[in-house]
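Participant: For reference, the structure I am asking about is given below.
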């Protein structure tokens, strides 16, 4: 009996050591900064609050860390959409003025592979920029760095929270440079194919509620069309 | 004099016995420690195998109900029951927004934009996805955009002209598809169908979406 217990204890220790080794494996370091931050092309930068209550609507199955907002919003409890989330938000330009409307659909990805440092989410953005047109952003995001740098330290903290300044590139594909594919739908963007990326600036994160002070940022490389307020060169 | 000798011999025997017991225990401890080490190796192998073989995410997928179109390609029907499948409605010209408590921006920028979020159902009336419908009436942009997101399959982005065609249909091209829809082109039509059953609890109507997919041509081998 004592040998069996020793074997079980050893197995538990081995599994724990392996998981810690995977979590802190320096070879699984992913790219922190988007390649679009150093591009020479014209880009549009849209920012949004990553705190649920700052958005127009955020809904999921109601069992996630991020509570649906507003409270009475219809929840996604049906089995095929249970691992999904949808958010509608106002996008702001570089001067923090409203610049557009964004709707983000996210679903846990079946391509998630922990051994490869991939905690993937398939997501799609619909963006409408008043007076200019609409955009569709297709991407998958990797939350590996986010989990390792923010979520795990928050659980280890006696305050069950994380505070700091974390900037991370969430977009991991499908573009070859870890960029998202952007398709113009209407207006001046119609017919254009572009690239983009999404990043997150996290300042406060708690185990109970998730992001308490955080900002998301979408950078989209624009085609050669008129420059407006939302652009930066 | 013989008795003390016997005592001494007895003590020595006891001492030898104790030594043997400790030696045995030490041998047993080594085996115990080796068992623990083997456990560690097994734990590492088990954790690695589990993470490799067992998918962390398994999206539930309803069987697709797809029909072959007469002139080639395939068709699929979706619909939205109104009002029960409506998640959000936000519009500049609308006094009441949904859900209650949502603060639609009062900026002039969004005065001509109407955005809705829905749950999407298949032909069996089962919820299989989420969708957004954004209608814009501006001088520069006059369009209805749909994004249909089916978690286990991918997303579809459709832009359609706001003017309905004969029969009340609006038709738009599939501008982009992701994952399963990536190599498909085609179009999607929308139509409002009011409920005529009059049954208690029946929806006021349904927004029907009919998708026609055309696959990418592949070279003959």
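Protein chains in written order, with our numbering: chain Z, 363 to 595; chain A, 19 to 239.
Idealized CB from N, CA, C, for every residue including glycine.
Treat the numbers as computed from the prediction; the structure is a model and nothing was measured.
Would residue 443 of chain Z pass as an interface residue toward chain A - the criterion being a Cβ-Cβ separation below 9 Å?
Facilitator: The residue given as residue 443 of chain Z occupies position 81 in the first chain. Chain A, which has a Cβ nearer than 9 Å to the Cβ of residue 443 of chain Z, makes this yes.
Participant: Would you tell me roughly how many angstroms separate the C-alpha atoms of residue 497 of chain Z and residue 225 of chain A, rounded to the nearest one?
Facilitator: As a first step, residue 497 of chain Z is located in the first chain; it is residue number 135 there, counting from the start. As a first step, residue 225 of chain A is located in the second chain; it is residue number 207 there, counting from the start. Rounded to the nearest angstrom, the two C-alpha atoms are 23 Å apart.
Participant: Would you mind telling me which residues of chain Z sit closer than 9 Å to residue 98 of chain A, beta carbon to beta carbon, in chain order?
Facilitator: On the second chain, residue 98 of chain A is found 80 positions in, with the first residue counted as 1. Simply none; closest approach about 12 Å.
Participant: For residue 67 of chain A, which of helix, strand or coil comes out of DSSP?
Facilitator: For the purposes of this step, residue 67 of chain A is taken as the residue at position 49 of the second chain. Helix.
Participant: Taking a cut of 8 Å between CB atoms, which residues from the region 428-440 of chain Z lie near chain A?
Facilitator: 432, 433, 434, 435, 436, 438, 440
Participant: For residue 460 of chain Z and chain D, any beta-carbon pair shorter than 9 Å?
Facilitator: Going by chain labels, chain D is absent from the structure shown, which instead holds the protein chains Z and A.
Participant: Could you give the residue range of the beta strand (DSSP E) that holds residue 465 of chain Z?
Facilitator: Mapped onto the first chain, residue 465 of chain Z falls at position 103. Note, residue 465 of chain Z: beta strand (DSSP E), 460-470.
Participant: Of all Cβ atoms in chain A, is any one closer than 9 Å to the Cβ of residue 384 of chain Z?
Facilitator: Taking the first residue of the first chain as position 1, residue 384 of chain Z is located at position 22. Judged by the 9 Å Cβ criterion, residue 384 of chain Z is in contact with chain A.
Participant: Mind the definition here: the region 471-485 of chain Z touches the region 506-513 of chain Z only if three or more C-beta pairs lie below 8 Å; say whether that holds.
Facilitator: yes
Participant: Taking the alpha helix (DSSP H) that residue 72 of chain A belongs to, which residues open and close that run?
Facilitator: On the second chain, position 54 is the one that residue 72 of chain A refers to. Per DSSP, residue 72 of chain A belongs to no alpha helix (DSSP H) and is neither H nor E.
Participant: If we cut at 9 Å on Cβ distances, does residue 576 of chain Z have a partner in chain A?
Facilitator: Position 214 of the first chain, counted from the start, is the residue given in the question as residue 576 of chain Z. With 9 Å as the cut-off, residue 576 of chain Z does not count as an interface residue toward chain A.
Participant: Relative to the C-alpha of residue 126 of chain A, which candidate in Z/555, Z/390, Z/492 has its C-alpha closest?
Facilitator: Numbered from its first residue, the second chain carries residue 126 of chain A at position 108. Of the listed residues, the one whose Cα sits closest to residue 126 of chain A is Z/492.
Participant: If you follow the alpha helix (DSSP H) that residue 514 of chain Z is in, where does it begin and where does it stop?
Facilitator: In the first chain, residue 514 of chain Z corresponds to position 152, counting from 1. Residue 514 of chain Z -> alpha helix (DSSP H) spans 514-518.
Participant: Specify the secondary structure class of residue 503 of chain Z as computed by DSSP and reduced to three states.
Facilitator: Position 141 of the first chain, counted from the start, is the residue given in the question as residue 503 of chain Z. Strand.
Participant: So for residue 49 of chain A, helix, strand or coil by DSSP?
Facilitator: Taking the second chain and counting its residues from 1, the one referred to as residue 49 of chain A is at position 31. Helix, per DSSP.
Participant: If you measure between the beta carbons of residue 419 of chain Z and residue 431 of chain Z, is that distance less than 9 Å?
Facilitator: Looking up residue 419 of chain Z in the first chain gives position 57. Looking up residue 431 of chain Z in the first chain gives position 69. Contact check for residue 419 of chain Z against residue 431 of chain Z passes: the beta carbons are separated by less than 9 Å.
Participant: CA-CA distance, residue 406 of chain Z and residue 547 of chain Z?
Facilitator: If you number the first chain from 1, residue 406 of chain Z lands on position 44. If you number the first chain from 1, residue 547 of chain Z lands on position 185. Answer to the nearest angstrom: the Cα atoms are 16 Å apart.
Participant: Does any residue of chain Z have a CB that is nearer than 9 Å to the CB of residue 86 of chain A?
Facilitator: Taking the second chain and counting its residues from 1, the one referred to as residue 86 of chain A is at position 68. Not one chain Z Cβ lies under 9 Å of residue 86 of chain A.
Participant: How many whole angstroms separate the CB atoms of residue 490 of chain Z and residue 463 of chain Z, which I take to be in contact at a CB cut-off of 8 Å?
Facilitator: For this step, residue 490 of chain Z is matched to residue 128 along the first chain. For this step, residue 463 of chain Z is matched to residue 101 along the first chain. Rounded, the Cβ-Cβ distance is 5 Å, consistent with contact.
Participant: Quickly, what does DSSP pair residue 555 of chain Z with across the bridge? List them, please.
Facilitator: As a first step, residue 555 of chain Z must be located in the first chain, where it is residue number 193. Here residue 555 of chain Z is bridged, per DSSP, to Z/545.
Participant: Can you tell me the Cα-Cα spacing of residue 130 of chain A and residue 160 of chain A, whole angstroms?
Facilitator: By 1-based counting over the second chain, the position of residue 130 of chain A is 112. By 1-based counting over the second chain, the position of residue 160 of chain A is 142. Computed Cα separation, rounded: 10 Å.
Participant: Check whether chain Z comes within 9 Å of residue 181 of chain A, counting only Cβ atoms and requiring the distance to be less than that.
Facilitator: Stepping through the second chain from its first residue, residue 181 of chain A is reached at position 163. It does not; no Cβ of chain Z falls within 9 Å.
Participant: Mark residue 165 of chain A as exposed unless 16 or more other C-beta atoms lie within 10 angstroms of its C-beta, in which case mark it buried.
Facilitator: Translated into positions along the second chain, residue 165 of chain A becomes position 147. Classification for residue 165 of chain A: buried.
Participant: Have a look at A/227, A/217, A/194 and flag the residue whose alpha-carbon is nearest the alpha-carbon of residue 555 of chain Z.
Facilitator: The residue given as residue 555 of chain Z occupies position 193 in the first chain. Measuring from the Cα of residue 555 of chain Z, the nearest candidate turns out to be A/194.
Participant: For residue 472 of chain Z, which of Z/485, Z/460, Z/466 has the nearest alpha-carbon?
Facilitator: As a first step, residue 472 of chain Z is located in the first chain; it is residue number 110 there, counting from the start. For residue 472 of chain Z, the nearest C-alpha among the options comes from Z/485.
Participant: How would you list, in chain order, the residues of chain Z whose beta-carbon sits under 7 Å from the beta-carbon of residue 128 of chain A?
Facilitator: The residue you call residue 128 of chain A lines up with position 110 of the second chain. What residue 128 of chain A touches in chain Z: 463, 492.
Participant: Roughly how far, in whole angstroms, is the beta-carbon of residue 98 of chain A from the beta-carbon of residue 154 of chain A, given that I think they are within contact range, below 8 Å?
Facilitator: Translated into positions along the second chain, residue 98 of chain A becomes position 80. Translated into positions along the second chain, residue 154 of chain A becomes position 136. Wrong, their Cβ atoms sit about 19 Å apart, outside the cutoff.
Participant: Can you give the beta carbon distance from residue 557 of chain Z to residue 537 of chain Z, rounded, assuming they're within the 8 Å contact cut?
Facilitator: The sequence position of residue 557 of chain Z within the first chain is 195, counting from 1. The sequence position of residue 537 of chain Z within the first chain is 175, counting from 1. The Cβ separation is near 5 Å, so the contact holds.
Participant: How about residue 542 of chain Z and residue 535 of chain Z: are their beta carbons less than 9 Å apart?
Facilitator: Numbered from its first residue, the first chain carries residue 542 of chain Z at position 180. Numbered from its first residue, the first chain carries residue 535 of chain Z at position 173. Yes, Cβ-Cβ distance for residue 542 of chain Z and residue 535 of chain Z is below 9 Å.
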